[in-house]
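Q: Heads up: the sequence shown is residues 1 to 288, going by our numbering.
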Amino acid sequence: MSSVLSGSELSSTSNATAVPAKRVKWTREPLFHFILIGAVLFGVDSLIAGQADDPNRIELDRQVDAEAQQAFEAARGRKPDAAELKALRQVWLDNEVLYREGLALGLDKGDKSIRERVIFKALSMVDSNTKRPAFDDKAVREWFEKNRARYDIPQRFNFQEAVLSGEASEATVRSFVSALNSGTTPEVQAGLRVFTDRPHANLVDSYGEEFATVLESAPAGEWRALQTKSGWRAMRLDAVVPAEPADYEQLRGVVTQDWTDVLMSEQRSAAVAALAKKYTIVIDGVKQ
1 MSSVLSGSEL SSTSNATAVP AKRVKWTREP LFHFILIGAV LFGVDSLIAG
51 QADDPNRIEL DRQVDAEAQQ AFEAARGRKP DAAELKALRQ VWLDNEVLYR
101 EGLALGLDKG DKSIRERVIF KALSMVDSNT KRPAFDDKAV REWFEKNRAR
151 YDIPQRFNFQ EAVLSGEASE ATVRSFVSAL NSGTTPEVQA GLRVFTDRPH
201 ANLVDSYGEE FATVLESAPA GEWRALQTKS GWRAMRLDAV VPAEPADYEQ
251 LRGVVTQDWT DVLMSEQRSA AVAALAKKYT IVIDGVKQ
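1) Classify A234 as buried or exposed, calling it buried when 16 or more other Cβ atoms lie within 10 Å of its own Cβ.
2) Which first and last residues belong to the alpha helix (DSSP H) in which D54 is found?
3) Identify whether V91 lies in helix, strand or coil by the three-state DSSP scheme.
4) What is the residue span of the beta strand (DSSP E) that I119 lies within?
5) Would you grab the beta carbon distance between E167 and R193 for me? Rounded to a whole angstrom, and I think it's under 8 Å.
6) With T260 and R132 assumed to form a contact (beta carbons below 8 Å), what rounded beta-carbon distance in angstroms separates them?
7) Taking buried to mean at least 16 other C-beta atoms within 10 Å of its own C-beta, is N301 buried or exposed?
8) Nearest by alpha-carbon distance to D238: which of A104, S217, G253 and R252 is it?
9) Use the C-beta contact count for E101: other C-beta atoms within 10 angstroms, 16 or more gives buried, fewer gives exposed.
10) Could you tell me whether the Cβ atoms of R224 and V163 are closer together than 8 Å?
11) Would you mind reading off the limits of the beta strand (DSSP E) that contains T228?
12) What residues match up with W232 in a beta bridge as DSSP calls it?
13) So, helix, strand or coil for G285, using DSSP?
14) Rounded to the nearest angstrom, how far is the Cβ of P55 from that of Q69, given a contact under 8 Å?
15) Please state whether DSSP places N188 in a helix, a strand or coil.
16) So, using beta-carbon positions, are L93 and I58 closer together than 8 Å?
17) P199 CB to nearest chain C CB: under 8 Å?
18) Taking buried to mean at least 16 other C-beta atoms within 10 Å of its own C-beta, is P219 buried or exposed?
19) Tell me whether F135 is buried or exposed, calling it buried when 16 or more other Cβ atoms sit within 10 Å of its Cβ.
20) Confirm, please, whether the CB-CB distance from F157 to V91 is below 8 Å.
21) Which one or two residues does DSSP pair with T213 in a beta bridge?
22) On a Cα-Cα basis, can you pick out the residue from S124, R198 and A271 that is closest to F159?
23) Is R62 helix, strand or coil when you go by DSSP?
24) For the pair the stretch 242-256 and the stretch 138-156, tell me if three or more CB-CB distances fall below 8 Å.
25) Would a C-beta distance cut-off of 8 Å place V272 and V97 closer than the cut-off?
26) Which of helix, strand or coil does DSSP assign to N147?
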């Protein structure tokens with residue numbers, strides 16, 4: 001391989017040699033929503049001024065959606081799907097409720113009216129009324145089984161990509177791959193990238209569903225010309241690492257903390273939902 005790719009740059013990129021045990025989706029973490037996403041995505045103060053005539057009316061329109069989608073795409077490299085957009089809207093509404101409640105309680109006084117800090121203060125007041133659940137091993141075990149996908153290490157794939165210099169048309173990539181598999185020197189030079197322990201979801205996000213399906217079923221050690229969402233690539237599957245089921249006893253402490261965090265997050269969400277009942281919520285001109 002080194003003789004074929006002589007003069008090229010070898011770069012090794014590993015997403016994670018071991019998939020983290022704690023893999024909680026951000027769309028399920030209200031505290032993360034309120035503090036972090038709210039601070040970054042939804043500082044649309046002009047909307048407050050536009051709705052000042054009715055302090056109990058909260059309107060979410062296309063401007064908010066556009067802000068959310070732009071920030072999501074910048075962070076994730078793709079547009080949000082319908083479920084993610086719904087979650088983003090809920091984040092904005094939760095933050096707006098907290099902001100209004102904070103203003104009503106005078107939490108902006110002496111704070112130069114920084115929106116995110118007002119939201120944080122309001123959330124802190126909500127947090128003061130949440131109660132840490134008593135440990136219940138049976139309940140934690142049951143929760144673990146229902147959510148073990150968070151902890152099981154999925155099947156992973158080790159593969160290489162030969163990055164061609166210059167044009168990377170289908171014909172060029174196929175010719176290059178044919179030369180590699182036959183042991184001859186390709187006419188074009190390429191750099192080499194090495195990827196290890198990449199789960200299916202990562203392949204889909206990076207290259208597309210079709211690519212992931214083809215690569216995962218490819219014979220190991222054979223270069224192939226594969227089409228991705230960004231063009232044709234020369235790829236070789238090296239190995240498939242089997243999935244590993246999580247062991248509750250080994251992860252008891254982590255699982256207990258996650259279970260506690262989820263229950264307390266549910267308390268926070270319920271408290272904010274109760275506060276939201278005093279407001280008229282309008283989405284895209286439709287009263288909710």
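Note that CB positions come from ideal geometry on N, CA and C, so glycine has one too.
A: With the given structure in hand:
1) Buried, by the Cβ-count rule.
2) Note, D54: premise wrong, no alpha helix (DSSP H); not H, not E.
3) helix
4) Per DSSP, I119 belongs to no beta strand (DSSP E); it is in the alpha helix (DSSP H), R115 to D127.
5) Not a contact, Cβ separation roughly 18 Å.
6) 6 Å
7) Lying outside 1 to 288, the shown extent of the chain, residue 301 is not represented and no answer is given.
8) S217
9) Its Cβ being crowded by 16 or more others within 10 Å, E101 is buried.
10) no
11) W223 to T228
12) Q227
13) coil
14) Going by Cβ atoms, the distance from P55 to Q69 rounds to 28 Å, so no, they are not a contact pair.
15) In the sequence as presented, Asn is not what sits at residue 188; that position holds Val. V188: coil per DSSP, three-state reduction.
16) yes
17) The displayed structure is made up of one protein chain only, and chain C is not part of it.
18) exposed
19) exposed
20) Cβ atoms of V91 and F157: not closer than 8 Å.
21) Per DSSP, none; premise fails for T213.
22) Considering only alpha carbons, the answer is R198.
23) helix
24) yes
25) yes
26) It is coil, neither helix nor strand.
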